[in-house]
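**Student:**
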Amino acid sequence: MTEEKKVYTTALIGAGARGVDQLAGRAVATGRFRFVAVCDPSQDGREFFKSRISRDVREFESFDDLMAWNDFDVAVITSPDFAHEAQAGACLEAGKDLLLEKPIAISHAGGTRVVEAAERNKRVVVVGFVLRYAPLYARAKELVDQGWIGKLTTIWVLHSVKSGSDWYFHDWHGTFANTGGLLLQKGSHDFDIINWFAGSRVQQVSAIGSRDVFGGDKPNGLRCPQCGERHACPERMPDDHPRTQCAFRREIDCLDNHMVLMEFENGVKASYDECHYTPDDNREYIFIGTKGKLKLDDRAGKLTMELRHSGDVMEYRPSAGREGHGGGDPRLIEDLAHAIDSRTQPLAGVKAGLESIRVGLMAHESIRRDGQVVRDLE
Numbered sequence: 001m002t003e004e005k006k007v008y009t010t011a012l013i014g015a016g017a018r019g020v021d022q023l024a025g026r027a028v029a030t031g032r033f034r035f036v037a038v039c040d041p042s043q044d045g046r047e048f049f050k051s052r053i054s055r056d057v058r059e060f061e062s063f064d065d066l067m068a069w070n071d072f073d074v075a076v077i078t079s080p081d082f083a084h085e086a087q088a089g090a091c092l093e094a095g096k097d098l099l100l101e102k103p104i105a106i107s108h109a110g111g112t113r114v115v116e117a118a119e120r121n122k123r124v125v126v127v128g129f130v131l132r133y134a135p136l137y138a139r140a141k142e143l144v145d146q147g148w149i150g151k152l153t154t155i156w157v158l159h160s161v162k163s164g165s166d167w168y169f170h171d172w173h174g175t176f177a178n179t180g181g182l183l184l185q186k187g188s189h190d191f192d193i194i195n196w197f198a199g200s201r202v203q204q205v206s207a208i209g210s211r212d213v214f215g216g217d218k219p220n221g222l223r224c225p226q227c228g229e230r231h232a233c234p235e236r237m238p239d240d241h242p243r244t245q246c247a248f249r250r251e252i253d254c255l256d257n258h259m260v261l262m263e264f265e266n267g268v269k270a271s272y273d274e275c276h277y278t279p280d281d282n283r284e285y286i287f288i289g290t291k292g293k294l295k296l297d298d299r300a301g302k303l304t305m306e307l308r309h310s311g312d313v314m315e316y317r318p319s320a321g322r323e324g325h326g327g328g329d330p331r332l333i334e335d336l337a338h339a340i341d342s343r344t345q346p347l348a349g350v351k352a353g354l355e356s357i358r359v360g361l362m363a364h365e366s367i368r369r370d371g372q373v374v375r376d377l378e
């Protein structure tokens, strides 16, 4: 007889598209999570959640009011980045297990506090590093770990972001104060994958970066529907789009072009390029070892491995299905349930979240120092 597993009462904190459709919806579909509360300062956000997930929930405009109520097991935190640290810390101190979107905080000290709170309260924290769970990346990790390309020495990553304007410069994402920089907001996925494959800790970083396209001299309050130049602007957003702030407004200080070099304690070397105005959206990884090379093409859903001495070329196309983030989202939710059930560490845990933001912050510090090597954070 199969033992019936517990259904965890859950609160969603931050009712945007990521939290509602991609995470809450999939969590409900597993039958392991029942949402009893939604917390978002926007009534539209709360209504969006109720229309897609459940109307039988408590609504909270204020996070403090949610925590005063406190009648849930698990929190799914998908609020803006600058809120993650405080909300995660409060939930952990209240004994909640978490699915915490990346970055776990926008400062290293803040991330350290989240890790310490999780350890002190013996809570499960799954960080939203969905790429670890995607079949394409999981298969690549298996091939590298099995030694097909020999000893891993080098990792090259090219991250092309066509949607940079859509997602990062038409709303709150465009400022360092809100995100800690796009190497945390966007690049944290990739730094996590690089760290995971390298199997070591970054010991030094050098980086350069610039703001080539976005930002400018437009008023901070300007929105696309009210702009007199909207018909000629290549970055304009439709009037009914949820993100319509001008992509050329004065407050934007996040960079849109980054190049990062890393060296790990075990000798592995890596490079990461992230550009937010490319004609395509893709991640391309190349892993080089002493016996060969493995290339991962995210958009094509393909792995290509070439061996150095034999010249053999092998191609893999792991099945990802139609699920979100190349099949990563449903597997992340499954790991959340398993980790809570078993009280074990998930594949993407809170310490990985801290290491990822550490690399991004070191890179941003190097950029501020005109590419000077940074060996740690002050």
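In our numbering, the protein residues as written are 1 to 378.
Glycine residues also receive a C-beta, built at the ideal position from the N, C-alpha and C atoms.
Taking residue 241 as the reference, which of 171, 195, 216 and 31 has the closest Cα?
**Tutor:** Locating residue 241 in the sequence shown gives position 241, where the first residue counts as 1. Among 171, 195, 216 and 31, the Cα nearest to that of residue 241 belongs to 171.
**Student:** According to DSSP, simplified to helix, strand and coil, what is residue 434?
**Tutor:** Given a span of 1 to 378 for the chain in the structure shown, any question on residue 434 remains unanswerable.
**Student:** Would you check if there are 3 or more beta carbon pairs closer than 8 Å linking the region 188-198 to the region 209-219?
**Tutor:** no
**Student:** Going by the C-beta, is residue 43 closer than 6 Å to any heavy atom of the ligand NAD?
**Tutor:** Of the ligands one can find in the structure shown there are none, so the ligand NAD has no counterpart to examine.
**Student:** Is residue 91 helix, strand or coil by DSSP?
**Tutor:** Mapped onto the sequence shown, residue 91 falls at position 91. Residue 91 falls in the helix class under three-state DSSP.
**Student:** Out of 81, 5, 214 and 367, which has the shortest C-alpha to C-alpha gap to residue 16?
**Tutor:** Looking up residue 16 in the sequence shown gives position 16. Measuring from the Cα of residue 16, the nearest candidate turns out to be 81.
**Student:** Can you tell me whether residue 173 is buried or exposed, with buried defined as 16 or more other CB within 10 angstroms of its CB?
**Tutor:** Start at 1 with the first residue of the sequence shown, and residue 173 comes out as number 173. Residue 173 comes out buried.
**Student:** Please state the DSSP three-state secondary structure of residue 13.
**Tutor:** For the purposes of this step, residue 13 is identified with residue 13 of the sequence shown, where counting begins at 1. Correct three-state label for residue 13: strand.
**Student:** Measuring only the C-alpha atoms, how far is residue 133 from residue 356?
**Tutor:** Along the sequence shown, read from residue 1 onward, the residue named residue 133 stands at position 133. Along the sequence shown, read from residue 1 onward, the residue named residue 356 stands at position 356. Our two residues, residue 133 and residue 356, have alpha carbons roughly 16 Å apart in a direct line.
**Student:** Residue 92 and residue 113 - do their beta-carbons sit closer together than 7 Å?
**Tutor:** Taking the sequence shown and counting its residues from 1, one reaches residue 113 at position 113. Taking the sequence shown and counting its residues from 1, one reaches residue 92 at position 92. Judged by beta-carbon spacing, residue 92 lies beyond the 7 Å limit of residue 113, meaning their Cβ atoms are not closer than that value.
**Student:** Ignoring anything shorter than 3 residues, give me the beta strand (DSSP E) runs that lie fully in the region 24-69, in order along the chain.
**Tutor:** 33-39 and 58-60
**Student:** Roughly how many angstroms lie between the CA atoms of residue 261 and residue 367, to the nearest whole one?
**Tutor:** Translated into positions along the sequence shown, residue 261 becomes position 261. Translated into positions along the sequence shown, residue 367 becomes position 367. Distance between the alpha carbons of residue 261 and residue 367: 11 Å.
**Student:** Go through its chain and collect everything with a Cβ distance to residue 118's Cβ below 6 Å, but skip five positions before and after it.
**Tutor:** Numbered from its first residue, the sequence shown carries residue 118 at position 118. The answer, listed in chain order, is 92, 125 and 350.
**Student:** Where do the ends of the beta strand (DSSP E) carrying residue 125 lie?
**Tutor:** As a working note, residue 125 is residue 125 in the sequence shown. It spans 125-127 - the beta strand (DSSP E) in which residue 125 sits, taken as one unbroken run.
**Student:** Assess contact between the region 147-166 and the region 286-304, defined as three or more Cβ pairs (one per stretch) separated by less than 8 Å. Is contact present?
**Tutor:** yes
**Student:** In whole angstroms, what separates the C-alpha of residue 314 from that of residue 326?
**Tutor:** Here residue 314 refers to the residue found at position 314 when the sequence shown is read from its first residue. Here residue 326 refers to the residue found at position 326 when the sequence shown is read from its first residue. Going by the C-alpha atoms only, they are around 21 Å apart.
**Student:** Which whole-angstrom value is the C-beta distance of residue 14 and residue 77, which I expect to be below 8 Å?
**Tutor:** Here the question's residue 14 lines up with position 14 in the sequence shown. Here the question's residue 77 lines up with position 77 in the sequence shown. Contact flag correct, Cβ pair sits at about 6 Å.
**Student:** Just the Cα atoms here: how many angstroms apart are residue 24 and residue 361?
**Tutor:** Start at 1 with the first residue of the sequence shown, and residue 24 comes out as number 24. Start at 1 with the first residue of the sequence shown, and residue 361 comes out as number 361. Roughly 30 Å separates the two Cα atoms.
**Student:** Thinking C-alpha only, which one of 365, 204 and 97 is nearest residue 338?
**Tutor:** Counting from 1 along the sequence shown, the entry for residue 338 is found at position 338. When each option's Cα is compared against that of residue 338, the closest is 97.
**Student:** What separation, rounded to the nearest whole angstrom, lies between the Cα atoms of residue 147 and residue 258?
**Tutor:** The sequence position of residue 147 within the sequence shown is 147, counting from 1. The sequence position of residue 258 within the sequence shown is 258, counting from 1. Cα-Cα distance, rounded: 31 Å.
**Student:** Hey, could you find the ends of the alpha helix (DSSP H) residue 195 is sitting in?
**Tutor:** The residue labelled residue 195 in the question sits at position 195 within the sequence shown. Element bounds for residue 195: 187-198.
**Student:** Considering residue 307, what are the terminal residues of the beta strand (DSSP E) in which it resides?
**Tutor:** Translated into positions along the sequence shown, residue 307 becomes position 307. From DSSP, the beta strand (DSSP E) with residue 307 extends over 302-307.
**Student:** Within its chain, find whatever has a CB closer than 6 Å to the CB of residue 52; leave out the 5 residues flanking it on each side and keep chain order.
**Tutor:** To locate residue 52, count along the sequence shown from 1; it is residue 52. Excluding sequence neighbours, residue 52 sits near 20.
**Student:** Let me confirm a value: residue 373 is counted as buried when at least 16 other C-beta atoms fall within 10 Å, else exposed. Which label applies?
**Tutor:** Looking up residue 373 in the sequence shown gives position 373. Classification of residue 373: exposed, given that the 10 Å Cβ count is below 16.
**Student:** For the beta strand (DSSP E) containing residue 258, name the first residue and the last one.
**Tutor:** For this step, residue 258 is matched to residue 258 along the sequence shown. Judged by DSSP secondary structure, residue 258 falls within the beta strand (DSSP E) whose first and last residues are 257-264.
**Student:** Helix, strand or coil for residue 137, going by three-state DSSP, please let me know.
**Tutor:** Numbered from its first residue, the sequence shown carries residue 137 at position 137. Helix, per DSSP.
**Student:** At which residues does the alpha helix (DSSP H) containing residue 120 begin and terminate?
**Tutor:** For this step, residue 120 is matched to residue 120 along the sequence shown. Run containing residue 120: 108-120, per the alpha helix (DSSP H) assignment.
**Student:** Please work out which residues of its chain come closer than 6 Å, Cβ to Cβ, to residue 247, disregarding the five sequence neighbours upstream and downstream, and give them in chain order.
**Tutor:** As a working mapping, residue 247 is identified with position 247 in the sequence shown. So the list reads 165, 169, 170, 214 and 235, once near-sequence residues are dropped.
**Student:** For residue 329 versus residue 130, is the C-beta distance shorter than 7 Å?
**Tutor:** Here residue 329 is taken as the residue at index 329 of the sequence shown, counted from 1. Here residue 130 is taken as the residue at index 130 of the sequence shown, counted from 1. If you check the CB distance, residue 329 and residue 130 come in under 7 Å.
**Student:** Which stretch, first to last residue, makes up the beta strand (DSSP E) that contains residue 207?
**Tutor:** Residue mapping note: residue 207 aligns to position 207 of the sequence shown, counting from 1. Its beta strand (DSSP E) spans residues 202-210.
**Student:** What residue from 311, 342 and 297 has the CA that sits closest to residue 317's CA?
**Tutor:** In the sequence shown, the residue the question calls residue 317 occupies position 317. The residue with the shortest Cα to Cα distance from residue 317 is 297.
**Student:** Taking its Cβ as the centre, do 16 or more other Cβ atoms sit within 10 Å of residue 225, making it buried, or is it exposed?
**Tutor:** Residue mapping note: residue 225 aligns to position 225 of the sequence shown, counting from 1. So residue 225 counts as exposed.
**Student:** Tell me whether the region 52-61 and the region 25-40 touch, counting them as touching only if at least three CB pairs, one residue from each stretch, are closer than 8 Å.
**Tutor:** Segments in contact, yes.
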